[in-house]
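**Q** Chains as they are written, first to last, in the working numbering: chain W, 777 to 1225; chain S, 777 to 1225.
Note that beta-carbon positions come from the ideal geometry of N, C-alpha and C, so glycine has one too.
Given the structure is predicted, the values throughout are model-derived calculations rather than measurements.
2 protein chains.
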Amino acid sequence: MENYIDFDKLEELVNTRNYRELRDILAGMNEVDIALFIESLPVEKATVTFRTLPKGLAADVFANFSSDTQEYIIGSITDQELAVIVEDLFVDDAVDMLEELPASVVKRVLKNATPDTRALINQFLQYPENSAGSIMTAEFTDLRHNMTVEDAIKHIRRTGEDRETVYTCYVIDERRILDGVVTVKDLLLSSDENSIDNIMDTEIISVTTLEDREDVAKLFAKYDLLSVPVVDHEGRLVGIVTVDDAVDVMEQEATEDFEKMAAMIPSEKPYLKTGVFTLAKNRIMWLLVLMISGMITGSILGRYEAAFAAMPLLVTFIPMLTDTGGNAGSQSSTLVIRGMAVSEISTKDLLAVMWKEIRVSVLVGVVLSAVNFVRLAVTYPGNEMVALTVALTLFATVVLAKTIGGILPIIAKLVKADPAIMAAPLITTVVDAFSLVIYFSIAERLLHL
Amino acid sequence: MENYIDFDKLEELVNTRNYRELRDILAGMNEVDIALFIESLPVEKATVTFRTLPKGLAADVFANFSSDTQEYIIGSITDQELAVIVEDLFVDDAVDMLEELPASVVKRVLKNATPDTRALINQFLQYPENSAGSIMTAEFTDLRHNMTVEDAIKHIRRTGEDRETVYTCYVIDERRILDGVVTVKDLLLSSDENSIDNIMDTEIISVTTLEDREDVAKLFAKYDLLSVPVVDHEGRLVGIVTVDDAVDVMEQEATEDFEKMAAMIPSEKPYLKTGVFTLAKNRIMWLLVLMISGMITGSILGRYEAAFAAMPLLVTFIPMLTDTGGNAGSQSSTLVIRGMAVSEISTKDLLAVMWKEIRVSVLVGVVLSAVNFVRLAVTYPGNEMVALTVALTLFATVVLAKTIGGILPIIAKLVKADPAIMAAPLITTVVDAFSLVIYFSIAERLLHL
């Protein structure tokens, strides 16, 4: 990666109050890097540095701050400075910010916005969490049917400054119903006198305000889009979602799946910024549920006390059997859960997945059992029946674990539950119980316990 | 999502050979949907339908086929038809395709390309797998220093047709050294007579051809980019990576992490298209490694045979203890691995993570142990010392599992190993051994076994 930024040198300029040079360097930097730099400073210097930023840049940098920094900065600037920033923010960034701030700060921000901005922000704050409405922005370029290409280009040149993206323009009628889409590429490659009606694409990929943001992000991945228009239930254009926000959603949704699949309640903030109590709370619930299931497994095991009292050696294979069962099951469930998350597997594939998992698990089970049998036969000569018991159990456990692991996530989806909870921890607990029953049932027969 | 496509109606048109109407409908559809539709047809009808596509659209649809379909279609069209498609494909799509096809088919494709295209494709095929070079495309818009805004817009209007994206233009000198970046938005918002030199941004975010594609994708997420220029070691512009390809990389890298974290070798293809033998092969290696570690745990357990022969009740708590330890550890390792994947946690946070995990695990451990103690004291009255043994072990296991789970992925990164392999399965196996040793050591003391 090129152009590494020397934060130390910049901090030196802050410390020596060389604000003019600092301002010149910051003005040439990317807003993401400026935000990172300001957040790396001690708080009292952060505000001073933020204030040196040229007007146009301040809001862009502000949008890239964490909510803690935003709150701090808001608290240390004047109402007038705040008003400028609020007007310059894109509405989606303003809404993201307000959703995280305490009520008193939100009040002060809204008080300093113009009535139009305030009305728009309030409208956007109404959309449900995780909906398309909650991630869209109102800064898009709209065109009218009767424009020519030349008119459209002039319109963009006149209004483009405030627009989050100018590259896809939306053609609306007088009631704001979305009728077509024109890209700037289409405009540039058409002759000036051509009419917008002629070149617009009427096969529009759009979403409604209440659509799940995860589905919106999937549209971007599927169709390689730069932005998607958002319409209300009457087909009126109310906003757009841009690809950078879709990228953030994809990243967040993947993180949530990782968390759910490791038996946690997804957290709102990055790990290092989440408090100890919140982290503990997010983890305890599932650990308790799984611990109680583990106790059930334990009581199943209790039914075979006579067996392992008679032959304690059997106990030493329990960790290997249950771990392998858990691992085998979680391999299958992970592939299927992820396959559904990226739309490669759907509920209609239930039987195909099951049949595939049965075949794979037979192959895997045969290899693992054979290795195990040989190892035990060598380690415990004369105990071939024990070796056979363990090998048979291992085979049955692997087949069962993989089949259950493959189909449970699909069944979860069928009953409208979240497939991600059918991941390693739950599968492991389910498979543990089964594999112990199989183990001791086989042991009782083969070893006459 | 709007405009759902009626595949049945389209297939009816194929079956009744109503190719004219079919062609008209397809011409208005998105290339992704057309590709999905053609792939849903029986193979012999797929080629016929593909041939009805208008010339400009055929290559776009072709780029969206799976490699199996591409191979089939190549095998059933003429050399002349193939030549047209190869020339129309963007070079990154052509390279993606050739990397998947058998050598004989690659040969036929290259034979039908023009010498220029062939040379470009051959050059691109040289870049290492997973490098920026392997995902870049050569179709970008380059501008020269001495152009005015008006010249630049004219240049784009003349050459834009073949360009994968026209929205970011790259300013190069006569040796093709990259000197600046101009967006179409910059051009549109400047006056015609302004010079490119004046408005170009010289703080360029660029990558080199050998840079890891995952790092390239992270740049897009960090800076909200639409494209990134790729330069060789002398700073000459050789290609660009576009955001749609970065989105694909992010999705693939997340999938690989899911697979590695569930103890699998990542697969190249989607689950449903991967053969049974490949799936089995990807899973067996790690299961074998973990099974052998499980045996080691088993032999540790063997040292305490006397203890559980004397008190078989102790055995029934083993699944609960090891499962809870595994789950507690995988919660921590998952958060840290994912945190590092999205650059929220770095190796310098080792001590911060450790300290956080210790505090979280003490909280979690106290709650779980207390619940457990109460439950056991109620279920097994008179056996309070057993309840205490289990509760103390559970507490120690949770603290140990979370601390190990939190720091092992960071240590892996420090020694340049892949943090994702330090996920649930390995942590579980490590923690199992420790927790059993703790369990029986406490049991021997408290219960005088």
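Using a 10 Å radius around the Cβ and a threshold of 16 neighbouring Cβ atoms, would you call Arg989(W) buried or exposed?
**A** buried
**Q** Look up Thr959(W) in the DSSP assignment and say whether it is helix, strand or coil.
**A** strand
**Q** If you measure from the beta carbon of Ala803(W) to each beta carbon in chain S, is any gap under 8 Å?
**A** no
**Q** Taking buried to mean at least 16 other C-beta atoms within 10 Å of its own C-beta, is Ala1193(W) buried or exposed?
**A** Around the beta carbon of Ala1193(W), a 10 Å sphere encloses fewer than 16 other beta carbons of the protein chains shown; the residue is thus reported as exposed.
**Q** Using the rule of at least 16 other Cβ atoms within 10 Å of the residue's Cβ for burial, across every protein chain shown, is Arg951(W) buried or exposed?
**A** That one is exposed.
**Q** Hey, is Asn794(S)'s beta-carbon within less than 8 Å of any beta-carbon in chain W?
**A** no
**Q** Roughly how many angstroms lie between the CA atoms of Leu1090(W) and Asn1159(W), to the nearest whole one?
**A** 11 Å
**Q** If you drop the 5 nearest sequence neighbours on each side, which residues of the same chain put their C-beta closer than 6 Å to that of Thr845(S)?
**A** Glu815
**Q** By how many angstroms is the C-alpha of Ile1180(S) removed from the C-alpha of Gly1141(S)?
**A** 15 Å
**Q** Given that Lys1124(W) touches chain S, what residues does it touch there, using C-beta distances under 9 Å?
**A** By Cβ distance, chain S contributes nothing, its closest Cβ being about 11 Å from Lys1124(W), past 9 Å.
**Q** Could you give the distance in angstroms between the alpha-carbon of Ile861(W) and the alpha-carbon of Asp836(W)?
**A** 9 Å
**Q** Measure the CB-CB distance between Cys945(S) and Val925(S) and report whether it falls below 8 Å.
**A** no
**Q** Could you tell me which residues DSSP puts in a beta bridge with Asp1099(W)?
**A** DSSP output for Asp1099(W) lists no bridge partner at all.
**Q** Going by other Cβ atoms of all chains shown within 10 Å of its Cβ, with 16 needed for buried, is Trp1062(S) buried or exposed?
**A** buried
**Q** How about Pro1095(W) and Gly1070(S): are their beta carbons less than 8 Å apart?
**A** For Pro1095(W) and Gly1070(S), yes; Cβs fall inside 8 Å.
**Q** Go to Thr1123(S), then tell me how far its beta strand (DSSP E) extends in each direction, as first and last residue.
**A** No beta strand (DSSP E) contains Thr1123(S), which DSSP labels as neither H nor E.
**Q** Enumerate in chain order the residues of its own chain whose CB-to-CB distance from Asn888(W) is below 7 Å, with the five nearest sequence positions on each side excluded.
**A** Asp855, Leu858, Ala859 and Val862
**Q** Using the beta-carbon of each residue, which ones in chain S are nearer than 9 Å to Ala839(W)?
**A** Per Cβ cutoff of 9 Å: no residues; Ala839(W) is ~10 Å from chain S at best.
**Q** Within 10 Å of its beta-carbon, does Ala1146(S) have 16 or more other beta-carbons around it, so buried, or fewer, so exposed?
**A** By the neighbour-count rule (16 or more Cβ atoms within 10 Å), Ala1146(S) is not buried but exposed.
**Q** Please check if any C-beta of chain S sits within less than 8 Å of the C-beta of Ala997(W).
**A** Judged by the 8 Å Cβ criterion, Ala997(W) is in contact with chain S.
**Q** Are the beta-carbon atoms of Val1175(W) and Val1138(W) separated by less than 8 Å?
**A** yes
**Q** Looking only at its own chain, which residues have a Cβ that is under 7 Å from the Cβ of Met1040(S), when we skip the five neighbours before and after it?
**A** Around Met1040(S): Asn1058, Arg1059 and Trp1062.
**Q** Classify Val1112(S) as helix, strand or coil using the three-state DSSP reduction.
**A** helix
**Q** So for Pro1185(W), helix, strand or coil by DSSP?
**A** When DSSP states are grouped into helix, strand and coil, Pro1185(W) belongs to the helix group.
**Q** Counting only beta-carbon atoms, is Pro1088(W) nearer than 8 Å to chain S?
**A** yes
**Q** Which residues does DSSP list as the beta-bridge partners of Thr917(S)?
**A** Cys945(S)
**Q** Suppose contacts are defined by Cβ-Cβ distances below 8 Å. Is Leu1066(S) in contact with Asn1103(W) by that definition?
**A** yes
**Q** Just verifying my parser: in three-state terms, what is the DSSP assignment at Val1154(W)?
**A** helix
**Q** Could you tell me the distance, in whole angstroms, from the CA atom of Glu788(W) to the CA atom of Asp892(S)?
**A** Distance between Glu788(W) and Asp892(S), taken at the CA atoms: about 52 Å.
**Q** How about Thr823(S) and Ser852(S): are their beta carbons less than 8 Å apart?
**A** yes
**Q** Closer than 8 Å by beta-carbon distance: list the chain S residues that pair up with Pro904(W), in chain order.
**A** Within chain S, no residue has its CB atom less than 8 Å from the CB of Pro904(W), the nearest being about 17 Å off.
**Q** Is the CB of Asp892(W) under 8 Å away from at least one CB in chain S?
**A** Interface criterion not met: the Cβ of Asp892(W) is under 8 Å from no Cβ in chain S.
**Q** So with Cβ pairs under 8 Å, would you call Pro1201(W) a contact of chain S?
**A** yes
**Q** Using the Cβ count rule (16 or more neighbours within 10 Å means buried), how would you classify Tyr1047(S)?
**A** buried
**Q** Under 8 Å, Cβ to Cβ, is there at least one residue of chain S near Pro1095(W)?
**A** yes
**Q** For Asp809(S), which of Val819(S), Arg827(S) and Leu786(S) has the nearest alpha-carbon?
**A** Leu786(S)
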